[in-house]
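S.K.: Under mature numbering (1 follows the signal peptide of the UniProt record, and there is no 0), the letters of the sequence shown match residues -21 to -1, 1 to 197, in that order. In this text, a Cβ means the ideal position worked out from N, Cα and C, and glycines have one as well. Encoded as structure tokens, here's the structure I'll be asking about.
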Amino acid sequence: MKNSTTGLLLGSALVVGLAGCATPNTDPSSDRAWYQQPIVCGIAGSLIGGGIGYATASDADEENHAAGGATIGAAAGALLCADRSPEPVAEPEPMPEPEPEPVPDFEPVVLSSEVNFAFDSADLTMQAESTLDEVARRLREHTDVNIRIDGHTDSVGSNQYNMGLSQERADSVRSYLMSQGVSGSRMMATGYGEERPVATNETDQGRALNRRVEIDRQ
């Protein structure tokens, strides 16, 4: 009798060794152990199939049986060690942050003292009231907008007098806006006198530009 016993023992040993493919992977540097790689499993399966085919074949046909067994064993080995881990589930993409609400536009308003106030006074003219009506409408629509009202004068007269006149004109504008439905808590009126000129005080034209009340958002 040929070496059938040896072939069977070899095949059985390789089967036991191949069963190690089912053990967990403990190597942190690789997803799969070396003996779990498809090529290793294929070679092991070939040896198993070939050994069993050789052991069970007759003397006359042992080569054909061994080759056929190797082919079947290779396929079986590859299937045995195939990666059956589940496909990773894609995490849903986070929802985009909502766009912040746009800040309401509020264009600055400049009231020239020449046409918006009586001479040397804080009394508003009709033209000033018409302009402030539109300002009040915009403020009523955008209740989250707070404004500052800054009064300015030229350098003619004493600094104390100019400071007082600029404050009175700023307060006059604030009072009118309140009469049109704008909360006083949303408005801050300040007089700066001649401290913040926008033009020279050496000419009539420059002084006219400096006499003004500015309305802008805080």
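State the DSSP-derived secondary structure class of S(-18), mapped to helix, strand or coil.
M.R.: Taking the first residue of the sequence shown as position 1, residue -18 is located at position 4. Residue placement at S(-18) is poorly supported in this model, since its pLDDT is 47, which falls under 50; the coordinates are not used for a value here.
S.K.: With distances taken Cα to Cα, identify the nearest neighbour of E120 among S162, P75, A178 and E93.
M.R.: Numbered from its first residue, the sequence shown carries residue 120 at position 141. It is S162 whose Cα lies nearest to the Cα of E120.
S.K.: Give me whichever residues DSSP pairs with A168 in a beta bridge.
M.R.: On the sequence shown, residue 168 is found 189 positions in, with the first residue counted as 1. DSSP, once it has assigned bridges, lists I128 as partnering A168.
S.K.: Give the range of the alpha helix (DSSP H) segment to which E120 is assigned.
M.R.: Within the sequence shown, residue 120 is the residue found at index 141, counting from 1. Counting along the chain, the alpha helix (DSSP H) containing E120 begins and ends at M105 to E120.
S.K.: So, with DSSP's three-state summary, where would you put S92?
M.R.: For the purposes of this step, residue 92 is taken as residue 113 along the sequence shown, with counting starting at 1. In the structure shown, S92 sits in a helix (DSSP, three-state: H, G or I).
S.K.: On the three-pair Cβ rule with 8 Å, is the segment 78 to 98 touching the segment 121 to 135?
M.R.: As far as the Cβ criterion goes, the segment 78 to 98 touches the segment 121 to 135, which means the pair count is three or higher.
S.K.: Any idea what DSSP makes of D183, helix, strand or coil?
M.R.: Along the sequence shown, read from residue 1 onward, the residue named residue 183 stands at position 204. Here D183 sits in helix by DSSP.
S.K.: Alpha carbon to alpha carbon, what distance is there between T182 and I126?
M.R.: Counted from its first residue, the sequence shown places residue 126 at position 147. Counted from its first residue, the sequence shown places residue 182 at position 203. If you take the alpha carbons of I126 and T182, they lie about 31 Å apart.
S.K.: By the 10 Å Cβ neighbour count, where 16 or more other Cβ atoms means buried, how is V177 classified, buried or exposed?
M.R.: Position 198 of the sequence shown, counting from 1, holds the residue named residue 177. Classification of V177: exposed, given that the 10 Å Cβ count is below 16.
S.K.: Excluding five sequence neighbours on each side, which residues of the same chain lie with their C-beta closer than 7 Å to the C-beta of V124?
M.R.: Counting from one through the sequence shown, the residue named residue 124 turns up at place 145. Taken in chain order, the residues that qualify are P83, F85, L118 and R196.
S.K.: DSSP three-state label for E147, please.
M.R.: Along the sequence shown, read from residue 1 onward, the residue named residue 147 stands at position 168. DSSP places E147 in helix when its eight states are reduced to three.
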